[in-house]
Amino acid sequence: MSIQARTQKAESLLRAAGILPVVTVNSLDEARKVSQALLEGGLPAIELTLRTPVAMEALAMLKRELPDIVIGAGTVLTVEQMQQSIDAGADFLVTPGTTAEMASALAQADIPVVPGAASPTELLTLMAHGFRVCKLFPANAVGGLAMIKGLAGPLAELKLCPTGGIGEDTAADYLSQPNVVCIGGSWMVPKDWLAKGEWDKVRDSSAKAAAIVKRVRG
Ligand code: 3PG
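Going by UniProt numbering, the final residue of the sequence shown carries number 218, and the count climbs one at a time with no gaps.
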């Protein structure tokens with residue numbers, strides 16, 4: 001698949017998701033239950049971070065057991081992790097920031113990719129590789145809505161998935177921006193809810209997030 005086709009596919013995956021929960025799990029059971037709760041709440045796609053030892057195994061397990069969920073591997077920091085995520089069946093890849101080595105490797109990966117960046121120069125470097133859909137991270141800390149509005153003029157071809165510091169209270173404002181294809185965040189899946197097995201809370205928060213997408217996007 002060409003990079004143009006992959007970037008279009010990344011855009012359509014993210015647009016269909018609207019809100020992408022950023023999920024970090026500590027066990028396979030947690031992965032299964034949190035994904036099920038998110039799906040039941042109405043969010044069909046997740047970013048599963050590779051921040052815990054069980055993450056890669058969880059990714060492969062979820063792809064086998066819950067084929068209805070679209071799963072992006074997140075916090076992909078190295079070429080090795082990129083390859084392992086593809087082998088585990090990831091539907092797409094997300095990076096929090098992107099080294100030159102990773103940008104080249106991701107440009108060749110035969111899978112939709114949402115590379116991360118935090119500034120106009122970093123975004124332009126990714127665009128030079130052919131990417132047109134990028135994660136803006138950490139979105140709130142680097143300027144939030146003002147930054148996103150500021151990027152819309154000069155980087156008119158670029159679509160963003162802002163993530164970092166967004167919550168239920170600000171989600172609709174972010175999602176309403178014309179250059180925002182999707183927003184990411186962990187507010188639907190905070191660590192303590194997962195640790196205590198509070199799946200009802202995940203389901204309710206996911207349902208509220210899905211309602212925000214519906215309200216903003218129609
Ligand atoms: C990420 O990796 O994208 C962030 O951890 C999500 O940011 P948040 O926890 O501030 O929502």
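Using N, Cα and C, we set each Cβ at its ideal position, and we do this for glycine too.
Check, Outcome
"Assigned secondary structure, A103 (DSSP; H/G/I helix, E/B strand, else coil)", "helix"
"Residue interval of the beta strand (DSSP E) (run including T49)", "A45 to T49"
"Spatial neighbours of S27 in its chain, beta-carbon cut-off 7 Å, leaving aside the 5 residues before and after", "V54"
"P21 - containing alpha helix (DSSP H), residue span", "Segment I19 to V23 is the beta strand (DSSP E) holding P21; no alpha helix (DSSP H) there."
"Residue interval of the alpha helix (DSSP H) (run including P162)", "Unbroken run through P162 is the beta strand (DSSP E), K159 to P162; no alpha helix (DSSP H)."
"Own chain, CB closer than 7 Å to A107, minus 5 neighbours either side, in chain order", "I3, H129 and G130"
"Reduced DSSP category for G72 - H, G, I as helix; E, B as strand; rest coil", "strand"
"Contact test: T121 Cβ vs the ligand 3PG heavy atom, cutoff 6 Å", "no"
"C134 - partner residues in DSSP beta bridges", "L160"
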